[in-house]
Each structure stands twice: as structure tokens, then as C-alpha cells.
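Visitor: My structure is below; once you've seen it, I'll send some questions.
In mature numbering (1 follows the signal peptide of the UniProt record, and there is no 0), the protein residues as written are -20 to -1, 1 to 413.
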């Protein structure tokens, strides 16, 4: 009887696995020069070229220009008149590929045990076989930054391209940032009797966490200054890049007072941080501009952080920070919502930014902040051919229809399980597209 039960379980799991995996394989390397002709080119730096031409070969962009641009003799010429071409969108600081089903613990690999884990590398947990990745890719997101969560020091993140067999293939820039959750000095009051954490306990916890960070950074910096440490320390060794400039500090922080304290803390160790979220950044915009601190804002489709904030502040936040002279990008928390990233940028365009400025939030600005602007983020000669073609405006959910995408020149498959399900039931119900 037990043998029958085990066989049944094995067959069930095998059947579920077969159904769960869409028939999508990573694309092969580019073998022939490709010329896309006739589309509107959105370069990503504010420039727009009508009736443009873009040529790429061996994964690199070799020509960008108007209709007079010369085409290579051996190029595969593809007419895309009336369509729009953009740099591939980049999704920073998210859980894509680290979580598959939030309610199933076995599929969540986004947080490590402990409070100080700079040596934990999120990229080795990145799941290239996630069913979510193709759905994100279908809306034009071609690069992502799977980031760890939890604790004071969450771990190290990398940049991945979203069409790979394994995490080694996916790696675009490895171990480029360490993520911090900044302690909040804000005291949260509760009118309920027997509140879980009293005001005094909150103050004590804040002071303890700040002292812990201060001591840890001092020890890590001292370790980094040793040419040959007698005893290897993985946690301290992972921090070296912060002091040498090869890694960035990504800091989750919200309140204006905490923002100022965090920036001064990191600058005290010679580090210029990148702020994540920073809900009250606009209230200290002058300080951030003076210190040249970049900010990755949260999604625009959200409620205000404070009760007395303008109800439209999340929509206008990107425009306000941009006009204040701060380098900004946009992110969406979570592990599947990145498919909506272009539409969040589109909302920012409706509330103060131009369309090309909004596009920069998820292309060139993001590339600059992540330190990959020499490789991607704009459609310029010499950069990787990370390109998407949309039938309409890719920042508008009504017209976004990505018909073709290339990652490093590879023509990737834009199918996904959602499209497969739609096709399945459309055929059943006799729905014509």
C-alpha cells in the first residue's frame, strides 16, 4: 500500500512539474547582424529619432540613426515601421527569482537567518526557471536586481539578465551592492492597552541597532585595511568593496530624519549610499542634492506614507525629486509586480515628467545608479543590444504590446504561461483575437 502511495505522489509531482514549466528555452547567441528599420527610436537619454534605424551585431549596437543610416550588406533587415523601440527596462531592488509562491515557504529564498549577513549572495539563490520571469519579460523588463531582505544587513545583490539557463549565465554584474535596512528613530505610539513594544523599548532598540552598526562598520573598515588578515572573516571580507568603491550601499530608509542620519553615517566611512524608498526624500531634497545622493523611489501606484501627505504625492514624487536635481530611478517591491514597472513610469509621466524623462526612470537613470551605464540603459553604439519593440507606447498599459525583444542581441522568446492559458481558453470559448 505504501509503495502505491509513493508512486502516486511521484507521478503527481512529475505531472505538476511538467505542467508548470512553459516550453520556453533561452535564446541562442546572435549569429547575424540585424537592422531594425522604420520605427521611432527612444534612445533613453531624452533623444527621440523618428523613422530611425538601429543595427546590432554579436550582441552589440553598431549603428543608430535616422533613415539615411547605412546598413551592413549582410544584415537581416526587419521592417518595423510604425512601432516603437526602447532600451530594455531595468528593475532594481526586488525579489524576482527569489520567491515563487509567497505562501509556500520552500519557494521563498529571499531572507537569511540572522541580522548582519553582507556575505550572503542572493544571486546563487536566483531561480532562472521561475514561471514569473517570462511574464515580466513580456512587458519589456530585460534586466533585474534580485535583492535580499531582512535584518540590518541583508546581503549582497547582483544584476541579472532575464533569459538564462542558470544563475551563472544570468549574471550581468555580480555582487555589486550590499543592502541595509536602516533603523528608524521614529517612535510609533499605540493607544491600545498592553502594546507589544513600548516607546521606551523602541528607543532602546534604535540605540542598540545604531551602536551595533557603528561597531560593525569600524571593525569591517579595520579588516579591509589589513593587507593579509591572519583570520579570514567572510562577513568583513564582503564589506571590503564598500570601502574601495567596487560595491554600492543600498539603504532602505523612509523618514526624513533617518535619511539625513543614514547619509552622514555612510559618508563618515567614505561611502555614498543609494537610498531605497525614501518616502520623505522630497522634504530633504536640498540636502540630497548637495550630497549628490541618488534615490530609487517606490512604485507610483501607492498610498501616501503619512496621513497628512498629499494623496497624489506617490504619483508626483518622481517629478518633484527630478525637478529638485536628484538622480532617481523607480522600483517595485515584491517578486512578480515588476511586470507593471513601465506603467508605473507612465503614471509618473502623467504627473509632471515628460515621457522621455519617465522612460529614463527605468532605463538610463537605473543603469547609472547600478553602475552598468557603460553596458546598457540607452540605445547607443557600443552598448549591449538590450532592445524591445512595442506596437505602441510601452509606458501605457493600453498600448504596451511587446512584439520582439533582444537581450545582448539574442532574439528571446516572449511566450509565458499567462499567454498559454489565454490561448487555451480562447480556443475553448471561441474567442477571436
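Beta carbons are placed, not taken as given, at the ideal position from N, Cα and C, and that holds for glycine.
What residue from 134, 133, 144, 216 has the CA that sits closest to residue 124's CA?
Guide: The shortest C-alpha separation from residue 124 is found at 144.
Visitor: Return the chain-ordered list of same chain residues with a C-beta closer than 6 Å to the C-beta of residue 300, the five sequence neighbours on each side being excluded.
Guide: Cβ neighbours of residue 300 beyond the five flanking positions: 262.
Visitor: Would you list the residues sitting across from residue 228 in a DSSP beta bridge?
Guide: 157.
Visitor: Measure how close the beta-carbons of residue 132 and residue 194 come, nearest whole angstrom, since I'm counting them as under 8 Å.
Guide: At roughly 11 Å, the Cβ-Cβ gap does not stay under 8 Å, so residue 132 and residue 194 are not in contact.
Visitor: According to DSSP, what are the bridge partners of residue 36?
Guide: Partner(s): 14, 41.
Visitor: Can you check the region 275 to 329 for any alpha helix (DSSP H) of at least 4 residues that lies completely inside it and give the ranges in chain order?
Guide: Segments of the alpha helix (DSSP H) lying fully in the region 275 to 329: 293 to 303.
Visitor: Check whether the region 30 to 43 touches the region 357 to 369, taking contact to mean three or more Cβ pairs, one atom from each stretch, closer than 8 Å.
Guide: Enough Cβ pairs lie closer than 8 Å, so yes.
Visitor: Which residues bound the alpha helix (DSSP H) around residue 346?
Guide: Looking at the DSSP string, the run of the alpha helix (DSSP H) that includes residue 346 is 344 to 350.
Visitor: Keeping to the same chain, check which residues put their C-beta closer than 6 Å to that of residue 353; ignore five residues upstream and five downstream.
Guide: Taken in chain order, the residues that qualify are 347.
Visitor: What residues in its chain sit with their C-beta under 6 Å from that of residue 99, if we drop five residues either side in the sequence?
Guide: So the list reads 214, 215, 218, once near-sequence residues are dropped.
Visitor: Alpha carbon to alpha carbon, how far is residue 58 from residue 52? Give it in angstroms, no decimals.
Guide: C-alpha separation (whole angstroms): 13 Å.
Visitor: Would you list the residues sitting across from residue 69 in a DSSP beta bridge?
Guide: DSSP output for residue 69 lists 121 as bridge partner(s).
Visitor: Quick check on DSSP: helix, strand or coil for residue 53?
Guide: The answer is coil: DSSP assigns residue 53 none of H, G, I, E or B.
Visitor: Whose C-alpha, out of 209, 89, 223, 412, is nearest the C-alpha of residue 201?
Guide: Ranking the options by Cα distance to residue 201, first place goes to 223.
Visitor: If you draw a straight line from the C-alpha of residue 235 to the C-alpha of residue 350, how long is it?
Guide: Their backbone Cα atoms lie some 23 Å apart in a straight line.
Visitor: Going by C-alpha distance, which of 147, 356, 227, 101 is nearest residue 134?
Guide: Here the closest residue by C-alpha is 101.
Visitor: Per DSSP, what kind of secondary structure is residue -11 in: helix, strand or coil?
Guide: Bear in mind that the predicted position of residue -11 carries a pLDDT of just 43, short of 50, making it too unreliable to give a figure here.
Visitor: What did DSSP end up calling residue 266 once you bin it into helix, strand or coil?
Guide: Here residue 266 sits in helix by DSSP.
Visitor: Identify whether residue 149 lies in helix, strand or coil by the three-state DSSP scheme.
Guide: Three-state result, residue 149: helix.
Visitor: Give the secondary structure of residue -16 by DSSP, where H, G and I count as helix, E and B as strand, and everything else as coil.
Guide: Its pLDDT being 49, under 50, residue -16 is placed unreliably by the model, and the measurement read from it follows with that caveat. Residue -16: helix per DSSP, three-state reduction.
Visitor: Run through DSSP, which three-state label would residue -4 get?
Guide: Residue placement at residue -4 cannot be trusted, given a pLDDT of 43 that sits under 50; what the coordinates show is reported in the next sentence. Three-state result, residue -4: helix.
Visitor: Please determine if the region 262 to 282 and the region 307 to 322 are in contact, where contact requires at least 3 C-beta pairs separated by less than 8 Å.
Guide: They touch, by the three-pair rule.
Visitor: Which residue comes first and which comes last in the beta strand (DSSP E) that contains residue 385?
Guide: Run containing residue 385: 382 to 387, per the beta strand (DSSP E) assignment.
Visitor: Can you give me the start and stop residues for the alpha helix (DSSP H) that residue 401 sits inside?
Guide: Segment 397 to 409, the alpha helix (DSSP H) holding residue 401.
Visitor: At what residues does the alpha helix (DSSP H) containing residue 239 begin and finish?
Guide: First-last of the alpha helix (DSSP H) with residue 239: 236 to 247.
Visitor: Taking 7 Å as the limit between beta carbons, can you name the residues of its chain near residue 441, skipping five residues before and five after?
Guide: The structure shown does not extend to residue 441, since the chain is modelled only from -20 through 413, so no value can be given for it.
Visitor: Quick one: does the C-beta of residue 204 sit closer than 7 Å to a heavy atom of the ligand PLP?
Guide: In the structure on display, the ligand PLP does not appear, and there are no ligands present to speak of.
Visitor: In this structure, how does DSSP classify residue 137 when only helix, strand and coil are distinguished?
Guide: Residue 137 falls in the strand class under three-state DSSP.
Visitor: Where does the unbroken alpha helix (DSSP H) through residue 193 begin, and where does it stop?
Guide: Residue 193 -> alpha helix (DSSP H) spans 179 to 204.
Visitor: What separation, rounded to the nearest whole angstrom, lies between the Cα atoms of residue 402 and residue 113?
Guide: About 17 Å.
Visitor: Using 8 Å as the cut-off, can you tell me whether the region 40 to 51 makes contact with the region 12 to 31, which would need three or more C-beta pairs spanning the two stretches below that distance?
Guide: The answer is yes - the region 12 to 31 touches the region 40 to 51, with three or more Cβ pairs under 8 Å.
Visitor: Would you identify the three-state DSSP class for residue 112, choosing helix, strand or coil?
Guide: Residue 112: helix per DSSP, three-state reduction.
Visitor: Considering only the alpha carbon of each residue, which of 212, 205, 111, 254 lies closest to residue 269?
Guide: Answer by Cα proximity: 254.
Visitor: Measuring straight from C-alpha to C-alpha, what distance separates residue 340 and residue 24?
Guide: Roughly 6 Å between the two C-alpha positions.
Visitor: Using DSSP with H/G/I as helix, E/B as strand and the rest coil, what is residue 356?
Guide: Reduced to three states, the DSSP call for residue 356 is coil.
Visitor: Which term fits residue 155, buried or exposed, when burial requires 16 or more other beta carbons within 10 angstroms of its beta carbon?
Guide: Residue 155 comes out buried.
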